[in-house]
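If you count the sequence shown from 1, position 119 lands on 119 in this note's numbering, and the numbers rise without skipping.
Here's the structure we're looking at; comments come further down.
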Amino acid sequence: MNCWHCNTEILWGGDHDIEDDEVFSMVTNLSCLKCGCHVEVYYPKENDVKEKSDIIKEVEGLAKSDTSALHEAEQSYGNSWKKRGGVGAYMMLARKWDRLEQQVQGFHWDVFKAIATDTREEGVLDDIGDLRRYLFLVEAEMRMRLKGDKQKPK
Ligand SMILES: [Zn+2]
Numbered sequence: 001m002n003c004w005h006c007n008t009e010i011l012w013g014g015d016h017d018i019e020d021d022e023v024f025s026m027v028t029n030l031s032c033l034k035c036g037c038h039v040e041v042y043y044p045k046e047n048d049v050k051e052k053s054d055i056i057k058e059v060e061g062l063a064k065s066d067t068s069a070l071h072e073a074e075q076s077y078g079n080s081w082k083k084r085g086g087v088g089a090y091m092m093l094a095r096k097w098d099r100l101e102q103q104v105q106g107f108h109w110d111v112f113k114a115i116a117t118d119t120r121e122e123g124v125l126d127d128i129g130d131l132r133r134y135l136f137l138v139e140a141e142m143r144m145r146l147k148g149d150k151q152k153p154k
């Protein structure tokens, strides 16, 4: 970066975090040794990578454990989930949704209450997890197929 006034290369003096500013998170000091100009560059907060919130961290953990669970299930059941094609895959999703619907209905559709009240081993949360993992499989399967189609010469 060159000086606005004399076009000589300006030197970096240091970066400083800004504590209580709405818009900027950091200021960089630069100076021109030739004409003595001083330049401050303010860096916008919105460019900072924000730290993940607690719920997003929880989601991240779930996605990881889903991957392990699906890998393990594949060792035992192989690709049986897609043996009956797209209709079979859809019915598999629908069955999970039906179970969920049945369990939550009794709580006037309050899914939080249904989960909080649930004490069974294989309860509402298990059905939600199963549904989510099946959705992962269906989406991954189709994204792979669509990618494959694009790569095939026409
Ligand atoms: Zn200068």
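Even glycine gets a Cβ: it sits at the ideal position worked out from N, Cα and C.
Taking a contact to require three or more Cβ pairs closer than 8 angstroms, the segment 42 to 55 and the segment 63 to 77 do not qualify as touching. With 6 angstroms as the limit, the residues whose C-beta approaches a heavy atom of ligand 1 more closely than that are 3, 5, 6, 8, 32, 34, 35 and 37, in chain order.
In the three-state reduction of the DSSP assignment, residue 61 falls in the helix class. It is roughly 44 angstroms from the alpha-carbon of residue 35 to the alpha-carbon of residue 52. Residues 104 of the same chain have their beta carbon placed closer than 6 angstroms to that of residue 111, with the five preceding and five following residues left out of the count. The DSSP-derived three-state label of residue 101 is helix. In the DSSP annotation of this structure, the continuous segment of the beta strand (DSSP E) that includes residue 28 starts and ends at 24 to 31. In the structure shown, residue 46 falls within a helical segment according to DSSP collapsed to helix, strand and coil.
Between the segment 83 to 100 and the segment 14 to 28 there are fewer than three inter-stretch CB-CB distances shorter than 8 angstroms, so the stretches are not counted as touching. For residue 15 and residue 40, the gap between their C-alpha atoms comes out near 10 angstroms. If the five residues before and after residue 100 are omitted, its C-beta is found closer than 6 angstroms to the C-beta atoms of 127, all from its own chain and listed in chain order.
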